[in-house]
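Student: First the structure, which I've put down as structure tokens, then a few questions once you've had a look.
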Amino acid sequence: MPEKKANNIIKLTPEAKARLAGQERDLKWARDSIEVLKRLGMDVTPLEEKLTWAEDVRKTLIVEFGD
């Protein structure tokens, strides 16, 4: 059974929701850039962890507060 979303008091403004949705291109660019650095032999573990965290936070904000 899917989890029932709580009745949120906090809602994203349309501008904030659009800004979060617009970050998709930037996140892809960052992911691609990290891959280049990785191919050059650099340790990118901290960058990957931070980017993954940022992607998760972005998705959570959209899902939980976007409606």
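Here the sequence shown stands for residues 1 to 67, numbered as in the working numbering.
Don't be surprised by glycine CBs; every beta carbon is placed ideally from N, CA and C.
(1) Report all residues from its chain with a CB closer than 8 Å to the CB of isoleucine 34; omit the five preceding and five following residues, and keep chain order.
(2) My output table needs one value for lysine 22: the three-state DSSP class, helix, strand or coil.
(3) What are the boundary residues of the alpha helix (DSSP H) that lysine 50 is part of?
(4) Kindly give me the distance between the Cβ atoms of leucine 27 and glycine 66, rounded to whole angstroms, as I take these residues to be in contact under 8 Å.
Tutor: From the atom records:
(1) As a position in the sequence shown, residue 34 is number 34, starting the count at 1. Closer than 8 Å at the Cβ level, and outside the excluded window around isoleucine 34, lie Val44, Leu47, Glu48 and Leu51.
(2) The count along the sequence shown starts at 1 and reaches residue 22 at position 22. The identity of residue 22 in the sequence shown is glycine, whereas the question assumes lysine. Helix, per DSSP.
(3) As a first step, residue 50 must be located in the sequence shown, where it is residue number 50. Looking at the DSSP string, the run of the alpha helix (DSSP H) that includes lysine 50 is 45-65.
(4) Looking up residue 27 in the sequence shown gives position 27. Looking up residue 66 in the sequence shown gives position 66. Contact flag wrong, Cβ pair sits at about 17 Å.
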